[in-house]
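Under the working numbering, the letters of the sequence shown match residues 14 to 965, in that order. In what follows, a structure is listed as structure tokens, so that the remarks can point back to it.
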Amino acid sequence: MGVDKEAGLIHLETSVSDTQALYITCKLQNCSEGNKGKPFPGYIDPNSLVVQDEYVFVQVTTGGRTIYYVSSQRDVFTPMKLPKYTLPKDLHVISTDEKRVVAAVQEWNQNDTFNLYVSESGGVYYTLALENVMSSMGPEGNVMIDLYEVAGIKGMFLANKKQESQVKTYITYNKGRDWRLLQAPHVDLRGNSIHCMLPYCSLHLHLHVSANPYTSGNIASKESAPGIVMASGSIGAELSSSNVSMYITSDAGNTWRQIFDEEYSVLYLDQGGALVAIRHTPLPIRHLWLSFDEGRLWNKYSFTSSPLFVDGVLGEPGEETLIMTIFGHVSHRSEWQLVKIDFRSIFNRRCTDGDYQTWHLQNQGETCLMGVKRIYRKLKSVARCVMGKTHSVTVISEPCDCTESDFECDYGYERRSDGKCSPAFWFLPSSMWRSCTTVSSFLNSTGYRKVVSNNCTGGVVDLYTARRQPCPRQAPRGLHLVTSDGTLTATVNSNVTFMVFLEEGSGSRTSIMLDFGNGNTISYSNISTVEDGIRHVYRSVGIYRVAATARNDLGAETVLLYLHVTCPLEHIHLSAPFVAVKSKEVNLTAVLWPSQVGTVTYIWWLGNNSEPVITLDGSVAFTFSREGISVVTVQVSAGNIILQDRKTIAVHEYFKSHLLAFSSNLDEHNPDVAEWRLDVSRVIRNSMVQATGMDHEQLLVTVLPGLPTTAEFFLLPDKQVTEGKPEKTTQHLDELSEMVLGALNQNLVQFTLRPGVQITAYAAHLSAAPLVDTSENHSGSAMLMLLSVVVVGLAVFVIYKFKRAMPLHPLCPYNPTPNPPPTPPPTPISNFPVPSSISLICTGGLYAVPHCNSFLKEDPRPQHLCTDAERKRTRNDPESGGAGRGCHSGSSDGCSGPCGGDSGDGGGGHFAPTTTTTKTTETKTTTPAQGVGVDDIFTAASGHGAQSPFHR
């Protein structure tokens, strides 16, 4: 069962997305959904789960920064505490032996090197062991750290460190507390003296372990053969890839001998009693070498009659084996050949007690390593016998008195040049009092901690060991407020878990109050009661100022968090005129559904501009300088969602427009979707061209959203006829208008929607106000229309004064301000030349809302104000959809969310908004004519009007 509390428990990482995964546990026999455990509360990074001995490691990346978590003994997860400014780019767990974690960390300023850090027994607090350890990429893209843990000797490591652009090999016997260079051999393979003086010259080793089980790699050691290490390397000022030789140590790295002047693959036989070496070469070979005295003497043996390209060497299972298998091929085209070699015939007896000797582990004469003196039982070099399965490495340990060398620097402390540990510049020793937030006493660090698994006793242990002291009474300090997932966003109507941490302060006497920023607060008598987090649900979209306050009788501290609560953006609609006037400004508006989703960015591609315009406002004004077809695209970015809509706009200097109505049977077949309107517009255009005989290029038709079905057609002048002169253009457009209106009045414009459904088009009697009128004198009909606009505007204003607040979006309401500013009085209606553009504005809400549009997925817009009878019928029939499809209530807001209210007595959400011009020739303010809905207002903004003269 091991560390797991249940037998047969397995640990799994399940993928959720490309950037998220879950850590789950379950029993091997039953891993159904109901039996899965979730030890880590939240998502983790993919491929980050490591389960090793009693430790579990995961990592979580938020905001571009990675936090590493560790669980010891399957307890709760805790962030790994590296020195404050480590800022790791990558982290690899190297070892977890003897209740200690060795981790390789690539810091923010490193590229090909890693720093080694070692932990205390909990795996939480880390101190630096060795800087700038070399790394390389493995054959499968994995990172390989030049660090080797020697088998059979606890606490012994070899590492290649980059030092002033040179790579040197270092060795430690106390788990990284102290490191030194390797002393080179005094003589070479042929007995010649080697002049190599530390620290300028030393032995350097290649430390890569082969991932292939059939090759030994650059270095090898065995648990059953303590002190024996064989590796390839070089002698000099730094590690070299040329002039590589094989070296061996039989006394755990104190002395080294050169055994071959080329690289060899090495195999341990009979628990290290025999060593086999095969030349590592691409050439075919037929010999191997065998040693029975820890590599002092090597005997040459032939294993095949014909040379063999050796692909690998494999020992039989069990370290006591004397059988090995060599496999390879005679030529590059031949099949594999296996050569099995049994060395048992070489030995004629089993080893006895007289064949063994004792060996004292030491480091340059120092026998107290890791707090004990260790004595091993090893085979004499002259013995020629088989140890067999019964052999065991007997270790006799004798504890030593503790000295300063048995202690390493504690977390937050660094070793000075004189060997003493002092606080790092970023570390406050009082910060270790943070345990006082939950208990009444703490361990007061001396700046040192005993190396994990060090077994020394007595000596200076009392001087260097942390002492438990009662917690001092202090005011709260270092209060932290975060969300459980580390983000500053949340989705409306979902649980948000706030985590509150206190670095310093008497936790049992310190109360916590959390203000959620929406009028709700919660208090706790002490901080220990909020360890699992505080959950809250936000019902409205907005930015909330969340405040946590810690307070006791000595003081208080407050920390703030600004939480963005958003609603997923589902749909956008670009409201733009079908036809625009050249060199005249038009308004383009992106309408969102839901109307309030949180912080939104708009990206506009206008006309032929190659660079986008980025705004926080949902409306922009733009002037098209050239005639022709222009495409406008808007992208809306809300959180991690980006949606876009595109509209094609015909730009002309002169045109004339009229509204069309249709026989009522068309409404029965109108689904009110954009694609349907586009298709029907094309059919209407063809029918009008056929009825009038006019040029196809002189007519544009667009069907407007809403019911009853209406459309607008645009008459374009023939430039060859008008020669670009305004007088001729006016006359020409008037002639085209009379011709088309004559055909409409005679019911000549008809088309078949489907078999049996014949549709007739009529000239509408009422149209929206024109966008631009460049004529010097206004016609009588135009003046009559403007007068009607004034009357209807006054009516809408009266209704506005008595309107009720419209309910917010049922799924994504906006958070209103607790004390909203008074609504300014409406702008008076005056000065009525025709406006050049119209846009919706509104006020209110907790934050300024630059745009306020209602877009109910292009719901039908009513074409007249509701009568008293219609309002009464609506109130009695809640399912009638508010004011109904044939009228609107007259609510003047024109949008939901912070500006919306109930749509008057109708309450159906179809309304004619009050509109204010953003740029006019003379006009300051106007209201839409009666019978124009929200989508129709955008149409009116494009300059449409049945009775208007030509537009320029």
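Glycine included, C-beta positions come from ideal geometry on N, C-alpha and C.
- Taking all protein chains in view, the Cβ of residue 604 is crowded by 16 or more other Cβ atoms within 10 Å, so the residue is classified as buried.
- Residue pairing from DSSP places residue 291 in a beta bridge opposite 278.
- Taking a contact as a CB-CB distance under 8 Å, the pair residue 380 and residue 472 does not count as one, their CB atoms being some 15 Å apart.
- Ranked by Cα distance from residue 315, the options 352, 324, 166 are led by 352.
- Here the alpha carbon of residue 691 sits roughly 12 Å from the alpha carbon of residue 661.
- With a cut-off of 8 Å on Cβ pairs, the segment 71 to 85 is in contact with the segment 498 to 513, counting three or more such pairs.
- Residue 427 and residue 268 have their C-alpha atoms some 31 Å from each other.
- Unbroken beta strand (DSSP E) runs of no fewer than 3 residues, entirely contained in the segment 375 to 454, are found at 385 to 392, 408 to 412, 420 to 422, 426 to 428, 434 to 436, following chain order.
- Short of 7 Å from the beta carbon of residue 91, and not among the five residues preceding or following it, lie these beta carbons of its own chain, in chain order: 82, 83, 137.
- When only Cα atoms are considered, residue 457 and residue 441 end up about 12 Å apart.
- Of the candidates 240, 600, 169, 594, 600 places its Cα closest to the Cα of residue 587.
- Per the C-alpha coordinates, the member of 176, 171, 188 positioned closest to residue 233 is 171.
- Cβ-Cβ separation between residue 578 and residue 554: approximately 6 Å, consistent with a contact (criterion under 8 Å).
- Fewer than three pairs of CB atoms, one per stretch, sit closer than 8 Å, so the segment 621 to 633 makes no contact with the segment 668 to 688.
- In the three-state scheme derived from DSSP, where H, G and I count as helix and E and B as strand, residue 523 is classed as coil.
- Separation of residue 104 and residue 366 (C-alpha to C-alpha, rounded to the nearest whole angstrom) is 47 Å.
- In its chain, beyond the 5 residues on either side, 413, 419, 467, 468, 469 have a beta carbon closer than 6 Å to the beta carbon of residue 384.
- Between residue 186 and residue 382, the CB-CB gap stays under 8 Å.
- Where residue 690 is concerned, the enclosing alpha helix (DSSP H) starts and stops at 687 to 705.
- In this structure, residue 146 places its C-beta atom within 8 Å of the C-beta atom of residue 128.
- As DSSP reads the structure, residue 482 sits in a beta bridge with 455.
- In the DSSP assignment, no residue is bridged to residue 44.
- C-alpha of residue 538 to C-alpha of residue 421: approximately 40 Å in a straight line.
- With contacts defined as CB atoms closer than 8 Å, residue 589 and residue 645 qualify as a contacting pair.
- Within its own chain, the residues whose Cβ lies closer than 8 Å to the Cβ of residue 55, once the five positions on either side in sequence are excluded, are 73, 497, 498, listed in chain order.
- Within the DSSP bridge table, the entry for residue 322 names 342 as partners.
- In its chain, beyond the 5 residues on either side, 313, 315 have a beta carbon closer than 6 Å to the beta carbon of residue 300.
- Under DSSP, residue 101 forms a beta bridge with 120.
- Between residue 568 and residue 489, the beta carbon gap of about 7 Å places them in contact (Cβ cut-off 8 Å).
- Annotation: residue 517 to residue 649 spans about 45 Å, alpha carbon to alpha carbon.
- Boundaries of the beta strand (DSSP E) harbouring residue 233: 232 to 235, taken from the DSSP string.
- Around the CB of residue 639, fewer than 16 other CB atoms lie within 10 Å, so the residue is classed as exposed.
- In the structure shown, residue 711 falls within a helical segment according to DSSP collapsed to helix, strand and coil.
- For the pair residue 702 and residue 712, the CB atoms are nearer than the 8 Å cut-off.
- Excluding residues up to 5 positions away in sequence, 435 lie with their Cβ nearer than 8 Å to the Cβ of residue 429 in the same chain.
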